[in-house]
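Each residue of the sequence shown is one higher than the one before, counting from -15 in my numbering.
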Amino acid sequence: MTSALDTQVWRVDPAGATAQTPELAPAVAILAAGGLVAFPTETVYGLGADALSAKAVQGIFRAKGRPADNPLIVHVPSLAAAEELIHPKASRGPLQLLADSFWPGPLTLVVPRRGGVPVEVTAGLDTVGIRVPNHRIALALLRALNRPVAAPSANRSGAPSPTRPEHVWRDLAGRIDGLVDGGPCAVGVESTVLDLSVWPPVLLRPGGVTLEELSAVLGVQVAADPRIFAGAPAEGPVRSPGMKYKHYAPRTPLLLVEQPSPARLLQEAQHAASRGERVGLVVCDETAIPGSSFPVVRLGPRSDPGRIAAQLFHVLRTIDEGRFDLVVVEGIEPKGMGLAVMNRLRRAAGGQAASRI
Ligand code: TXA
Ligand code: MG
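Below, the structure written as structure tokens:
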């Protein structure tokens, strides 16, 4: 980037947004002209560009500092619009079933692609990831533009994904043309990525639709790529290039305690404090740690992992304001939405799971 862009901000009420909303017109015009606009979805904010313009899509990689071999998700307003991107010979049964059950919604389907999808979008793969977002502003933009929009999360590469407009602003102001401010995102973790180019399908990223929900609808046990359980970035060939990169990480080192107990969390915190480190605790609402004087950041209720997901990235960003040398984080059960939460926490900890005892 040689010169900073004058990033415009349009505040739009999601409840009333349609393709005719006047405040969205400049955002649509910028996208149509090949520019970059961040916008809310139900999962996280996306950084959008015209998916059929190689030049526009290259701008996304520059603004985010994203590795070129990590493909982008293409956003469309309907399954009919998705058809334009899917290889005519790809099987339609499971796709139709999943689209009927979960679109619009937080599910990205990886399918064989047609020619014509720029190589920058797919990073050279013969598949493309597609989803229909469940957010009135995102759908209004897609309908008004009448073209597919490639959109990764609107954060600097490696940082926690943005779930509030101020997160986008902090990471990308001056680097993008505009930001549609539609308030906070409801789901709070990114979409589930499911590889439908193989059978049975493989879960590449846990997200807003759970593994259990997918298996129930498809009537087969959906396999999960083992790398989604790992903390450290994957090495060697991966099915989803996003697995290779450090992700979701606050600057503060994070120690994730799996199968935690209050005593165990306290012990880890005391151990680090004895080395002279400033330590914080990140724990569920229900967790009390008797005898602790460490500052506490709350994750949300263990009884409702969906609520933990909704504020997870905000919590990860808040941690950096506490000026800690280390935060000790309480893990939750990796079931339902808890799987997506634990996937993000493990990646944020970069493989730093507590291993003593
Ligand atoms: O919820 C979301 O999915 C958000 C919102 C903005 O829609 N987007 C998002 O995009 O999280 P991004 O770029 O941050 O993550 C996309 C993930 C990456 O891990 C990427 O490797 C994977 O999807 N992916 C995209 N296309 C793929 C493909 N053809 N094959 C395998 N993995 C793919
Ligand atoms: Mg991302």
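Just so it is clear, CB atoms sit at the ideal spot from N, CA and C, and this is done for glycine as well.
Beta strand (DSSP E) segment containing residue i, residue limits
i	result
tryptophan 153	Premise fails: tryptophan 153 lies in the alpha helix (DSSP H), 149 to 156, not in any beta strand (DSSP E).
aspartate 165	162 to 165
alanine 33	30 to 34
isoleucine 114	111 to 115
proline 10	No beta strand (DSSP E) contains proline 10, which is instead part of the alpha helix (DSSP H) from 9 to 16.
leucine 187	186 to 189
glutamine -8	-8 to -5
isoleucine 57	57 to 59
alanine 3	Note, alanine 3: premise wrong, no beta strand (DSSP E); not H, not E.
proline 96	91 to 96
leucine 310	310 to 314
arginine 282	280 to 282
aspartate 209	No beta strand (DSSP E) holds aspartate 209; DSSP gives it neither H nor E.
alanine 22	21 to 23
valine 241	238 to 241
aspartate 53	From DSSP, aspartate 53 is part of no beta strand (DSSP E); its letter is neither H nor E.
leucine 176	The sequence given here has threonine at residue 176, not leucine. Segment 176 to 179, the beta strand (DSSP E) holding threonine 176.
Cβ-heavy atom distance, residue i to the ligand TXA, below 7 Å
i	result
proline 96	no
histidine 59	yes
glycine 166	no
glycine 113	yes
proline 117	yes
glycine 30	yes
arginine 46	no
glutamate 174	yes
arginine 154	no
proline 55	yes
valine 177	yes
proline 90	yes
arginine 189	yes
threonine 27	yes
leucine 109	yes
threonine 106	yes
Residue range of the unbroken alpha helix (DSSP H) whose run includes residue i
i	result
proline 78	77 to 86
histidine 298	289 to 303
glutamine 254	246 to 257
cysteine 126	The amino acid occupying residue 126 in the given sequence is leucine; cysteine does not appear at that position. From DSSP, the alpha helix (DSSP H) with leucine 126 extends over 120 to 129.
leucine 195	195 to 202
phenylalanine 45	38 to 48
glycine 322	321 to 333
glutamate 261	Unbroken run through glutamate 261: none, as it is neither H nor E.
threonine 106	103 to 106
alanine 64	63 to 67
Proximity test, residue i beta-carbon vs the ligand ATP heavy atom, cut-off 7 Å
i	result
serine 137	With respect to the ligand ATP, the structure offers nothing, as its ligand set consists of the ligand TXA and the ligand MG.
Cβ separation of residue i and residue j, assumed to be a contact under 8 Å, to the nearest whole Å
i	j	result
leucine 265	leucine 249	6 Å
leucine 8	alanine 122	Not a contact, Cβ separation roughly 11 Å.
arginine 330	alanine 253	About 19 Å; that fails the 8 Å criterion.
leucine 126	proline 61	4 Å
isoleucine 303	valine 312	Incorrect: roughly 11 Å between the Cβ atoms, too far for contact.
glutamate 59	proline 117	Sequence check: residue 59 is histidine here, not glutamate. Correct: roughly 6 Å between the Cβ atoms.
alanine 52	alanine 107	7 Å
alanine 16	tryptophan -6	With 8 Å as the limit, alanine 16 and tryptophan -6 do not qualify as a contact, their Cβ atoms being about 15 Å apart.
threonine 271	glutamate 314	6 Å
alanine 233	glycine 306	Alanine 233 to glycine 306, Cβ: 15 Å. No contact.
arginine 159	leucine -11	6 Å
Query raised in the report: If we count Cβ pairs, one from each stretch, closer than 8 Å, do we get three or more for the stretch 177 to 192 versus the stretch 319 to 328?
Result: With a cut-off of 8 Å, the stretch 319 to 328 and the stretch 177 to 192 count as touching, because enough Cβ pairs lie within range.
**Report entry** Under 6 Å, CB to nearest heavy atom of the ligand MG: contacting residues
**Finding:** What you get when you keep residues with a C-beta closer than 6 Å to any heavy atom of the ligand MG is Pro136, Ser137 and Ser145.
Query raised in the report: Should the stretch 15 to 24 be called in touch with the stretch 83 to 95, which here means at least 3 C-beta pairs below 8 Å?
Result: Touching, no, given that fewer than three Cβ pairs across the two stretches are closer than 8 Å.
**Report entry** Segment contact, 8 Å Cβ cut-off, at least three pairs: the stretch 98 to 105 with the stretch 61 to 79
**Finding:** Yes, since at least three Cβ pairs between the stretch 98 to 105 and the stretch 61 to 79 fall closer than 8 Å, the two stretches touch.
Query raised in the report: Would you call the stretch 143 to 153 and the stretch 162 to 175 touching, i.e. three or more CB-CB distances under 8 Å?
Result: Here the stretch 143 to 153 lies against the stretch 162 to 175, with 3 or more beta-carbon pairs under 8 Å apart.
**Report entry** Segment contact, 8 Å Cβ cut-off, at least three pairs: the stretch 128 to 146 with the stretch 295 to 308
**Finding:** Yes, since at least three Cβ pairs between the stretch 128 to 146 and the stretch 295 to 308 fall closer than 8 Å, the two stretches touch.
Query - the stretch 25 to 40 / the stretch 125 to 136 touching (three or more Cβ pairs under 8 Å) - result: Between the stretch 25 to 40 and the stretch 125 to 136 there are three or more inter-stretch CB-CB distances shorter than 8 Å, so the stretches are counted as touching.
Query raised in the report: So, do the stretch 268 to 285 and the stretch 189 to 200 have three or more beta carbon pairs nearer to each other than 8 Å?
Result: No, the stretch 268 to 285 is not in contact with the stretch 189 to 200.
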